[in-house]
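Chains as they are written, first to last, in the working numbering: chain A, 148 to 450; chain H, 55 to 311.
Pasting the structure below:
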């Protein structure tokens with residue numbers, strides 16, 4: 148029972164990383180029908196930006212405001228910096244290419260992914276960097292034999308809040324309706340007075356910002372980051388996106404959490420080495436029976 | 055003069071879809087553009103609303119140059135284009151569709167416009183929480199028109215509002231259009247249903263493979279022999295009418311007409 152709860156908690160934590168990153172894929176896919184392969188590396192960039200701010204600010208800010216003053220700074224800087232990077236990528240690598248077609252845009256996305264990971268390597272070096280204890284919440288609560296880490300609670304609560312806010316914005320506000328309208332039918336959305344570029348900018352700012360927050364959390368959770376992390380997480384999150392149904396916001400969240408749970412439970416009960424085998428086998432089975440993913444919309448494709 | 059289209063040409067690659075088309079909408083009137091499939095009717099409306107770029111010529115609305123502006127800016131100027139095939143956002147609710155029609159307008163204005171639309175189409179009020187894709191074809195056309203009314207249009211561009219609707223619904227849609235026009239909204243309508251369009255229009259134009267071939271008051275065009283032959287069915291129409299009448303009289307229709 149104890150292992151089960153512990154694995155469940157681990158699964159939810161990893162799952163929320165995937166969900167954060169998956170949202171970026173899904174948002175951009177919904178609007179542009181483009182798989183932004185650079186998204187995973189934007190997530191990596193976020194982890195590095197957060198790291199840098201923490202390292203440089205931990206001295207002064209850490210002493211005066213303490214850890215809980217330092218954390219918001221690091222997250223905000225990572226999110227803002229990565230959002231800007233997302234906007235620049237959209238402008239430079241995608242916008243000139245959309246009119247040509249989808250395949251060239253995919254190539255451009257892959258190119259941006261390679262560029263970004265190499266950029267990270269060139270700036271921060273190829274070796275693992277350690278997220279130090281001085282900027283990680285290390286506390287925990289002990290309930291009997293059961294241990295809850297403050298960091299895990301922080302990760303789960305902030306994902307719940309942020310994903311909830313995004314869900315509310317997209318599903319309940321008029322701007323969100325505009326985003327969904329652009330995803331359904333860009334031409335008619337323009338006739339409603341909706342500025343397509345504004346919606347694209349929203350996706351390319353919010354997606355990477357959420358990815359960056361996940362990147363910082365991953366750094367804190369595993370205590371180390373590397374320039375290849377974007378590729379690994381990008382791939383897993385992309386899997387989560389497909390699992391949940393691409394182009395669907397709640398789907399990305401559900402897919403991410405489910406993937407994390409599957410991984411953690413396989414690792415806990417079967418074998419950590421075999422977790423990817425089980426996860427991808429489950430994915431294949433799901434896709435055979437539900438090709439559009441768990442929450443994939445059948446209607447949207449018909450329109 | 056409200057809308058002036060001046061020798062506008064539009065090309066898709068090497069194919070010229072519109073060749074130096076000029077027309078105008080003078081005031082709160084209904085102007086109809088008729089023509090066969092592929093004549094360039096939809097292209098004309100898309101050029102006005104900015105969905106396709108104008109190759110040469112000018113489009114001026116209310117003294118403001120429209121050509122070259124992006125479509126969302128043109129929409130916000132009050133030039134409302136209701137596209138062919140209704141194009142409602144199927145997975146959005148009826149109410150969300152309407153709200154988007156007034157996208158960017160102040161909240162109170164949207165609320166007021168929505169009440170007006172609900173008064174015009176009570177069925178939309180009943181179904182406001184339903185997904186637009188679940189509405190019938192006629193209801194979707196009402197939603198498309200209602201959505202267009204959300205921005206208090208200064209000019210309404212209507213593309214084939216009768217397409218795919220049962221005759222009874224066609225009549226309903228056209229009487230709604232007349233009603234909207236009576237409230238002061240100028241309308242530029244393109245239609246394949248020439249008879250219907252001519253019956254409500256003040257001015258009419260005939261478009262043939264990208265060129266305007268005939269223009270004039272709708273009543274004159276309806277009486278024009280060439281128009282009757284080509285667009286009002288000519289002899290075919292007469293035959294259909296006889297068949298209908300004989301059916302109504304309870305006789306077996308004569309297949310030879």
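C-beta atoms are modelled at their ideal positions from N, C-alpha and C, and glycine is treated no differently.
Within 10 angstroms of the Cβ of residue i, are there 16 or more other Cβ atoms? Answer buried if so, exposed if not.
i: residue 225 of chain H; result: exposed
i: residue 434 of chain A; result: exposed
i: residue 61 of chain H; result: exposed
i: residue 194 of chain H; result: buried
i: residue 301 of chain H; result: exposed
i: residue 277 of chain A; result: exposed
i: residue 148 of chain A; result: exposed
i: residue 240 of chain H; result: buried
i: residue 311 of chain H; result: Note that residue 311 of chain H scores a pLDDT of 42, beneath 50, so its modelled location is shaky; the value from the coordinates is reported in the next line. Classification of residue 311 of chain H: exposed, given that the 10 Å Cβ count is below 16.
i: residue 235 of chain A; result: exposed
i: residue 327 of chain H; result: This structure does not reach residue 327 of chain H, given that chain H is present from 55 up to 311, and the question cannot be answered.
Using DSSP with H/G/I as helix, E/B as strand and the rest coil, what is residue i?
i: residue 461 of chain A; result: Because chain A here runs from 148 to 450, residue 461 of chain A falls outside it and cannot be looked at.
i: residue 66 of chain H; result: strand
i: residue 293 of chain A; result: strand
i: residue 257 of chain A; result: helix
i: residue 269 of chain H; result: strand
i: residue 138 of chain H; result: coil
i: residue 283 of chain H; result: helix
i: residue 311 of chain H; result: Caution is warranted here: a pLDDT of 42 is assigned to residue 311 of chain H, below 50, making its placement in the model unreliable, and the coordinate value is therefore given only provisionally. Correct three-state label for residue 311 of chain H: coil.
i: residue 233 of chain H; result: helix
i: residue 200 of chain H; result: helix
i: residue 222 of chain A; result: helix
i: residue 263 of chain H; result: coil
i: residue 41 of chain H; result: Limits of chain H in this structure are 55 at one end and 311 at the other, which puts residue 41 of chain H out of reach.
i: residue 299 of chain H; result: helix
i: residue 84 of chain H; result: strand
i: residue 161 of chain A; result: helix
i: residue 58 of chain H; result: strand
i: residue 317 of chain A; result: helix
i: residue 147 of chain H; result: strand
i: residue 90 of chain H; result: coil
i: residue 120 of chain H; result: coil
i: residue 214 of chain H; result: coil
i: residue 185 of chain H; result: strand
i: residue 371 of chain A; result: strand
Just the Cα atoms here: how many angstroms apart are residue i and residue j?
i: residue 366 of chain A; j: residue 372 of chain A; result: 6 Å
i: residue 114 of chain H; j: residue 57 of chain H; result: 6 Å
i: residue 152 of chain H; j: residue 176 of chain H; result: 13 Å
i: residue 379 of chain A; j: residue 254 of chain A; result: 19 Å
i: residue 193 of chain A; j: residue 358 of chain A; result: 7 Å
i: residue 447 of chain A; j: residue 216 of chain A; result: Residue placement at residue 447 of chain A is poorly supported in this model, since its pLDDT is 42, which falls under 50; the coordinates still yield a value, given next. So the two alpha carbons sit approximately 44 Å from each other.
i: residue 450 of chain A; j: residue 257 of chain A; result: Because residue 450 of chain A carries a pLDDT of 32, less than 50, the predicted location of this residue cannot be relied on, and the following value inherits that uncertainty. Cα-Cα distance, rounded: 29 Å.
i: residue 67 of chain H; j: residue 107 of chain H; result: 11 Å
i: residue 87 of chain H; j: residue 257 of chain H; result: 9 Å
i: residue 280 of chain H; j: residue 260 of chain H; result: 11 Å
i: residue 208 of chain A; j: residue 298 of chain A; result: 20 Å
i: residue 315 of chain A; j: residue 263 of chain A; result: 31 Å
i: residue 201 of chain A; j: residue 146 of chain H; result: 43 Å
i: residue 207 of chain H; j: residue 393 of chain A; result: 37 Å
i: residue 250 of chain A; j: residue 184 of chain A; result: 12 Å
i: residue 222 of chain H; j: residue 178 of chain H; result: 18 Å
i: residue 224 of chain A; j: residue 211 of chain A; result: 19 Å
i: residue 439 of chain A; j: residue 390 of chain A; result: 8 Å
i: residue 259 of chain A; j: residue 241 of chain A; result: 10 Å
i: residue 229 of chain H; j: residue 186 of chain A; result: 52 Å
Should residue i and residue j be called a contact, given that it needs their Cβ atoms to be closer than 9 Å?
i: residue 346 of chain A; j: residue 178 of chain A; result: yes
i: residue 133 of chain H; j: residue 211 of chain H; result: yes
i: residue 149 of chain H; j: residue 161 of chain H; result: no
i: residue 203 of chain A; j: residue 271 of chain A; result: no
i: residue 94 of chain H; j: residue 75 of chain H; result: yes
i: residue 201 of chain H; j: residue 159 of chain H; result: no
i: residue 159 of chain A; j: residue 404 of chain A; result: yes
i: residue 170 of chain A; j: residue 341 of chain A; result: no
i: residue 267 of chain A; j: residue 364 of chain A; result: no
i: residue 59 of chain H; j: residue 102 of chain H; result: yes
i: residue 222 of chain A; j: residue 384 of chain A; result: no
i: residue 197 of chain H; j: residue 140 of chain H; result: yes
i: residue 323 of chain A; j: residue 317 of chain A; result: yes
Exercise. What residues from the segment 127-149 of chain H come within 7 Å of chain A, judged by C-beta to C-beta, listed N to C?
Worked result: 129, 130, 135, 137, 141, 143, 144, 145 and 146
For this session: Below 8 Å between beta carbons is the criterion; list the residues of the segment 311-345 of chain A that meet it against any residue of chain H, in chain order.
Result: 321, 324, 325, 327, 328, 331, 332, 334, 335, 336, 337, 338, 339, 340, 341, 342 and 343
For this session: Note down, in chain order, all residues in the segment 150-171 of chain H with a beta-carbon under 7 Å from any beta-carbon belonging to chain A.
Result: 150, 153, 154, 155, 157 and 158
For this session: With 9 Å as the limit, tell me which residues of the segment 94-113 of chain H have their beta carbon closer than that to any beta carbon of chain A; keep them in chain order.
Result: 100, 103, 104 and 105
For this session: Note down, in chain order, all residues in the segment 219-244 of chain H with a beta-carbon under 9 Å from any beta-carbon belonging to chain A.
Result: none
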